[in-house]
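Protein chains in written order, with this note's numbering: chain A, 1 to 221; chain B, 1 to 160.
Have a look at this one:
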């Protein structure tokens, strides 16, 4: 099912004409109705007019997406700056296009998004790739910093830290390594001290490389 | 129109020649044809498969010297050593934009990782020659060349 949301009847009829035959179509002309329909009919696609009254931009869109995370949202609007359009994509929308888009082209957009594609302008896809590069660089820095700090651990401490990272309890670790629970605790105390962490959850996140040690200040090591 | 310099770092001589020929016919494109020539500090066929860091540095040095705007490179080459070559090219020759050449065995995850290490696009070896020409100009003007489906996967990576 496809849900169309706009306060403009002209928009609704034009969009409906463009996507007729792709799936059953439902329409909402205000935010309350839209919220209700999202929950009731669980549409695969939502064509959403960014000018829908009370929508409240990206925040409002995020709220709508929470009502039915499976729905793929396509935003239709007037001309947008790269910055605004990118902020919409950051909320998780799968496509953006002009609200006066040609019917035939709208059908292409909906079909592409239905097939799991992203309908994004080429100039914005550059932002997307840059963000991927930055995230990867940051992750690598964290990985490197964590690796260097973990290298300060003794072999036994490293072994125990890794097992904590795998979610094992002190008891399980003691049994696995054939040592007492008290010894495990002693090693862990030393691990916490060396890595300057307070609890095993943080240790587990660090071992898994998903958390920096005290933010970026330690990344320069 | 300013010409775009293109180099091809495909170790398969047959494929490299074919791609060179396709690109040489393109308007505003200059192909640097001998960048992988043996005896010119670049690894020869077969040597690339397991290049040591020394030869990787030579490749980077060669690219830094030639400064092609676009460098076509096999995905297989790019993933060696945890994407070390791509990473080095991205750092040392930021003005050179790498386009990955893929075959049917290419996995999306590998492509995404290569893009994360600085590649600006990917194309199948078997793509129609006109797409290589288009990709060169699109990437030259600062955009990227990947499928919409791939963009969707990249977006998922960025958001989660």
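We put the CB at the ideal spot given by N, CA and C, even for glycine.
Compare the C-alpha of residue i against each of the options and name the closest.
{"i": "residue 202/A", "options": "102/A, 26/A and 164/A", "result": "164/A"}
{"i": "residue 129/B", "options": "22/B, 11/B, 15/B and 94/B", "result": "22/B"}
{"i": "residue 54/A", "options": "63/A, 105/A and 67/A", "result": "63/A"}
{"i": "residue 115/B", "options": "35/A, 8/A, 70/A and 133/A", "result": "133/A"}
{"i": "residue 70/B", "options": "122/B, 110/B and 12/B", "result": "122/B"}
{"i": "residue 62/B", "options": "76/B, 92/B, 75/B and 77/B", "result": "92/B"}
{"i": "residue 2/A", "options": "36/A, 47/A, 35/A and 13/A", "result": "47/A"}
{"i": "residue 111/B", "options": "139/B, 147/B, 135/B and 68/B", "result": "147/B"}
{"i": "residue 52/A", "options": "35/A, 92/A, 17/A and 70/A", "result": "35/A"}
{"i": "residue 161/A", "options": "205/A, 59/A and 50/A", "result": "205/A"}
{"i": "residue 59/B", "options": "96/B, 18/B, 4/B and 142/B", "result": "96/B"}
{"i": "residue 3/B", "options": "133/B, 84/B and 15/B", "result": "133/B"}
{"i": "residue 167/A", "options": "145/A, 12/A, 208/A and 139/A", "result": "208/A"}
{"i": "residue 101/B", "options": "77/B, 150/B and 143/B", "result": "77/B"}
{"i": "residue 84/B", "options": "137/A, 30/A and 42/A", "result": "137/A"}
{"i": "residue 20/B", "options": "142/B, 156/B and 136/B", "result": "136/B"}
{"i": "residue 140/B", "options": "68/B, 15/B, 24/B and 11/B", "result": "68/B"}
{"i": "residue 135/A", "options": "117/B, 14/B and 105/B", "result": "117/B"}
What is the rounded straight-line gap between the Cα of residue i and the Cα of residue j?
{"i": "residue 149/A", "j": "residue 195/A", "result": "7 angstroms"}
{"i": "residue 186/A", "j": "residue 113/B", "result": "40 angstroms"}
{"i": "residue 153/A", "j": "residue 180/A", "result": "20 angstroms"}
{"i": "residue 82/A", "j": "residue 199/A", "result": "43 angstroms"}
{"i": "residue 82/B", "j": "residue 57/A", "result": "40 angstroms"}
{"i": "residue 20/A", "j": "residue 120/A", "result": "23 angstroms"}
{"i": "residue 159/A", "j": "residue 128/A", "result": "38 angstroms"}
{"i": "residue 88/A", "j": "residue 87/B", "result": "30 angstroms"}
{"i": "residue 25/A", "j": "residue 124/A", "result": "30 angstroms"}
{"i": "residue 155/A", "j": "residue 191/A", "result": "11 angstroms"}
{"i": "residue 8/A", "j": "residue 15/A", "result": "11 angstroms"}
{"i": "residue 74/B", "j": "residue 89/B", "result": "14 angstroms"}
{"i": "residue 7/B", "j": "residue 107/B", "result": "24 angstroms"}
{"i": "residue 145/B", "j": "residue 131/A", "result": "16 angstroms"}
{"i": "residue 104/A", "j": "residue 39/A", "result": "29 angstroms"}
{"i": "residue 183/A", "j": "residue 174/A", "result": "8 angstroms"}
{"i": "residue 93/A", "j": "residue 177/A", "result": "49 angstroms"}
{"i": "residue 115/A", "j": "residue 99/B", "result": "25 angstroms"}
{"i": "residue 124/B", "j": "residue 6/A", "result": "41 angstroms"}
{"i": "residue 106/A", "j": "residue 66/B", "result": "44 angstroms"}
{"i": "residue 109/A", "j": "residue 22/A", "result": "12 angstroms"}
{"i": "residue 126/A", "j": "residue 17/B", "result": "30 angstroms"}
{"i": "residue 85/A", "j": "residue 78/A", "result": "11 angstroms"}
{"i": "residue 11/A", "j": "residue 102/A", "result": "11 angstroms"}
{"i": "residue 119/B", "j": "residue 109/B", "result": "14 angstroms"}
{"i": "residue 5/B", "j": "residue 138/B", "result": "13 angstroms"}
{"i": "residue 45/A", "j": "residue 80/B", "result": "40 angstroms"}
{"i": "residue 30/B", "j": "residue 24/B", "result": "7 angstroms"}
At a threshold of 6 angstroms, does residue i count as lining the ligand ZN (C-beta to nearest heavy atom)?
{"i": "residue 112/B", "result": "Among the ligands in the structure shown, none appear at all, so the ligand ZN cannot be discussed."}
For residue i, which three-state DSSP category applies?
{"i": "residue 156/B", "result": "helix"}
{"i": "residue 130/A", "result": "helix"}
{"i": "residue 72/A", "result": "strand"}
{"i": "residue 100/A", "result": "coil"}
{"i": "residue 166/A", "result": "coil"}
{"i": "residue 95/A", "result": "strand"}
{"i": "residue 152/A", "result": "coil"}
{"i": "residue 7/B", "result": "strand"}
{"i": "residue 173/A", "result": "helix"}
{"i": "residue 5/A", "result": "strand"}
{"i": "residue 30/B", "result": "strand"}
{"i": "residue 135/A", "result": "helix"}
{"i": "residue 70/B", "result": "strand"}
{"i": "residue 48/B", "result": "Only weak support is given to the placement of residue 48/B: the predicted model assigns it a pLDDT of 44, under 50, and the value that follows is read from those uncertain coordinates. In this structure, residue 48/B counts as helix in the three-state DSSP scheme."}
Please classify residue i as buried or exposed, where buried requires at least 16 other C-beta atoms within 10 Å of its C-beta.
{"i": "residue 159/B", "result": "exposed"}
{"i": "residue 117/A", "result": "buried"}
{"i": "residue 94/B", "result": "exposed"}
{"i": "residue 26/B", "result": "buried"}
{"i": "residue 32/A", "result": "exposed"}
{"i": "residue 113/A", "result": "buried"}
{"i": "residue 103/B", "result": "exposed"}
{"i": "residue 153/B", "result": "buried"}
{"i": "residue 68/A", "result": "buried"}
{"i": "residue 71/A", "result": "buried"}
{"i": "residue 309/A", "result": "Only positions 1 to 221 of chain A appear in the structure, and residue 309/A is not among them; the question remains open."}
{"i": "residue 126/B", "result": "exposed"}
{"i": "residue 28/A", "result": "buried"}
{"i": "residue 59/A", "result": "exposed"}
{"i": "residue 50/B", "result": "Bear in mind that the predicted position of residue 50/B carries a pLDDT of just 44, short of 50, making it unreliable; the figure below should be weighed with that in mind. Classification for residue 50/B: exposed."}
{"i": "residue 99/A", "result": "buried"}
Original post:
Curious, which full-length beta strand (DSSP E) runs of at least 3 residues does the region 22-84 of chain A contain?
Top reply: 25-28, 45-49 and 72-77
Subject >> Inside the region 79-138 of chain B only - beta strand (DSSP E) runs reaching at least 3 residues >> reply: Considered as a whole, the region 79-138 of chain B harbours 97-102 and 121-124 as its complete beta strand (DSSP E) runs of no fewer than 3 residues, in chain order.
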